[in-house]
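Participant:
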Amino acid sequence: MTTGTVPSITAGTRVYAVLGDPVEHSLSPQLQNAAFQAAGVDGVYVALRCSDRTLSPLLRTLAENGGGGNVTVPHKERAAALVERPSAAVRHTGACNTFWWEEGRLCGDNTDVEGFREALRLLRGTDTTEERILLLGAGGASRAVLAALLDGEGSEVVLLNRTVERARELSRELGSGRVQVAEEVGALRRESFDVVVNATSLGLSPRDPLPLDLDGIGSVDAVLDLVYGPRETALVRKARASGLPAMDGREMLLRQGAAAFERWWGRPAPLAAMRKALEDASGGPGVEEGGG
Ligand code: ATR
Numbered sequence: 001m002t003t004g005t006v007p008s009i010t011a012g013t014r015v016y017a018v019l020g021d022p023v024e025h026s027l028s029p030q031l032q033n034a035a036f037q038a039a040g041v042d043g044v045y046v047a048l049r050c051s052d053r054t055l056s057p058l059l060r061t062l063a064e065n066g067g068g069g070n071v072t073v074p075h076k077e078r079a080a081a082l083v084e085r086p087s088a089a090v091r092h093t094g095a096c097n098t099f100w101w102e103e104g105r106l107c108g109d110n111t112d113v114e115g116f117r118e119a120l121r122l123l124r125g126t127d128t129t130e131e132r133i134l135l136l137g138a139g140g141a142s143r144a145v146l147a148a149l150l151d152g153e154g155s156e157v158v159l160l161n162r163t164v165e166r167a168r169e170l171s172r173e174l175g176s177g178r179v180q181v182a183e184e185v186g187a188l189r190r191e192s193f194d195v196v197v198n199a200t201s202l203g204l205s206p207r208d209p210l211p212l213d214l215d216g217i218g219s220v221d222a223v224l225d226l227v228y229g230p231r232e233t234a235l236v237r238k239a240r241a242s243g244l245p246a247m248d249g250r251e252m253l254l255r256q257g258a259a260a261f262e263r264w265w266g267r268p269a270p271l272a273a274m275r276k277a278l279e280d281a282s283g284g285p286g287v288e289e290g291g292g
């Protein structure tokens with residue numbers, strides 16, 4: 001429970017929701033209500049379980065009434081097809097996670113792309129052009145990461161996935177010649193990377209194996225795990241034990257939420273209040289000292 005004052009909800013309050021299934025574990029309500037309160041805006045944010053059938057009317061009704069929200073698993077691709085004004089990030093990834101109304105149209109963005117970019121910048125302490133990245137996974141999360149990395153000038157990406165064909169497909173679709181696919185981890189024994197990014201789902205369960213044996217790679221400077229949980233993920237723990245700066249998925253969650261806030265309210269997000277809400281809701285800081 002937050003200690004701030006409860007905002008008074010009136011007929012003018014704008015309603016925002018995260019739409020997904022399941023949705024009850026989403027941290028977005030804590031994150032966004034803390035942001036609304038800190039910024040003093042008249043909005044409220046809830047979680048709504050929604051089906052294929054109810055997605056379209058919910059998107060439109062919430063947005064057309066002055067609100068909006070986020071879309072999560074399994075509806076991001078369908079939402080991308082439903083919005084009338086998709087951002088470049090939605091077009092590149094085929095996924096939409098943020099929606100609102102503007103000039104009589106249902107607008108959509110994929111703020112995971114900006115969220116990843118900001119998290120990476122914080123981890124590296126610089127603008128991350130011309131970095132060499134090892135990207136693990138070839139699903140939706142990986143697609144958002146690739147869109148962010150290939151939008152800049154020079155980053156070079158090596159894609160490693162359990163199902164190699166899926167990595168090849170993603171590389172063909174988004175690669176633009178700057179993505180190589182590794183057939184197997186053994187091929188990377190002598191390779192150097194600035195950052196390893198885990199965009200697989202490995203680490204969500206404490207029983208999962210590590211997504212990668214860091215000792216099996218030539219050299220790595222930093223680790224960004226998109227997975228997060230109540231405790232630091234095994235990959236982040238391992239990286240930090242080896243002296244590497246590492247960050248879990250909460251920073252990206254925070255940054256995608258901040259970008260969404262900015263789309264809805266047209267002003268900078270109250271990042272400190274959002275970070276605190278996320279730490280309270282998820283048990284501790286996501287970025288360690290020295291981690292950026
Ligand atoms: P998301 O949208 O979150 O990326 P996804 O599309 O289901 O989810 O993708 C999950 C990613 O984790 C995939 O890259 C998947 O590898 P496959 O393409 O081979 O399925 C990866 N993944 C899931 N479980 C895995 C496991 N046990 N070992 C290795 N990779 C795994």
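1 is the number of the first residue of the sequence shown in the numbering used here; add one for each residue after it. Glycine included, C-beta positions come from ideal geometry on N, C-alpha and C. The model shown is predicted, which means the values in this text are computed figures rather than measured ones.
Assign PRO29 to one of three DSSP states: helix, strand, or coil.
Facilitator: helix
Participant: Taking the alpha-carbon positions, what's the ASP21 to CYS96 distance?
Facilitator: Approximately 15 Å between the Cα atoms of the pair.
Participant: Can you grab the Cα-Cα spacing for the pair VAL299 / GLY203, in whole Å?
Facilitator: Because the chain in this structure spans residues 1 to 292, residue 299 falls outside the shown range and cannot be described.
Participant: For SER201, is the beta carbon positioned less than 6 Å from some heavy atom of the ligand ATR?
Facilitator: yes
Participant: Check whether the Cβ of GLY229 sits closer than 6 Å to any heavy atom of the ligand ATR, and report yes or no.
Facilitator: no
Participant: Quick one: grab the DSSP three-state call for ASP221.
Facilitator: Three-state DSSP puts ASP221 in a strand.
Participant: Buried or exposed for ARG250, please, with buried defined as at least 16 other CB atoms from any protein chain shown within 10 angstroms of its CB.
Facilitator: By the neighbour-count criterion, in which 16 or more other beta carbons inside 10 Å mark a residue as buried, ARG250 falls on the buried side.
Participant: In or out: GLU232 buried (at least 16 other Cβ within 10 Å) or exposed?
Facilitator: GLU232 comes out buried.
Participant: Can you list, in chain order, the residues of its chain with a C-beta nearer than 7 Å to that of PRO209? Leave out the 5 residues immediately preceding and following it.
Facilitator: LEU202
Participant: Evaluate contact between the region 98-110 and the region 155-169, counting only Cβ atoms and requiring at least three cross-stretch pairs below 8 Å.
Facilitator: They do not touch, by the three-pair rule.
Participant: Any heavy atom of the ligand ATR closer than 6 Å to the beta-carbon of ALA141?
Facilitator: yes
Participant: Helix, strand or coil for SER192 per DSSP?
Facilitator: strand
Participant: CA-CA distance, SER192 and VAL223?
Facilitator: 13 Å
Participant: Buried or exposed: where does ILE133 fall if 16 or more other Cβ atoms within 10 Å of its Cβ makes it buried?
Facilitator: buried
Participant: Looking only at its chain, what residues have a beta carbon closer than 6 Å to the beta carbon of GLU289, apart from the 5 residues adjacent to it on each side?
Facilitator: Only weak support is given to the placement of GLU289: the predicted model assigns it a pLDDT of 30, under 50, and the question is left unresolved by the model.
Participant: Mapping DSSP to helix, strand and coil, what is GLY229?
Facilitator: Note: GLY229 maps to coil in three-state DSSP.
Participant: Apply the 10 Å Cβ neighbour rule to ASP248 and answer buried if 16 or more other Cβ atoms are within range, or exposed otherwise.
Facilitator: buried
Participant: Using only the alpha-carbon positions, how far apart do THR3 and ALA34 sit?
Facilitator: For THR3, the pLDDT reaches just 46, beneath the cut-off of 50, and the residue's location in the model is therefore unreliable, although a value from the coordinates is still provided. Near 10 Å, if we compare the C-alpha coordinates of ALA34 and THR3.
Participant: Tell me which same chain residues have a C-beta within less than 7 Å of the C-beta of GLU118, skipping the five on either side of it?
Facilitator: ARG255
Participant: Give the DSSP-derived three-state secondary structure of ALA272 in the structure shown.
Facilitator: helix
Participant: Is ALA246 helix, strand or coil when you go by DSSP?
Facilitator: strand
Participant: State the Cα-Cα distance for the pair LYS276 and GLU114, rounded to the nearest angstrom.
Facilitator: Approximately 20 Å between the Cα atoms of the pair.
Participant: Given that a residue counts as buried once 16 or more other Cβ atoms are within 10 Å of its Cβ, and exposed if not, what is VAL73?
Facilitator: Note on VAL73: under 16 other CB atoms within 10 angstroms of its CB, so exposed under the neighbour-count rule.
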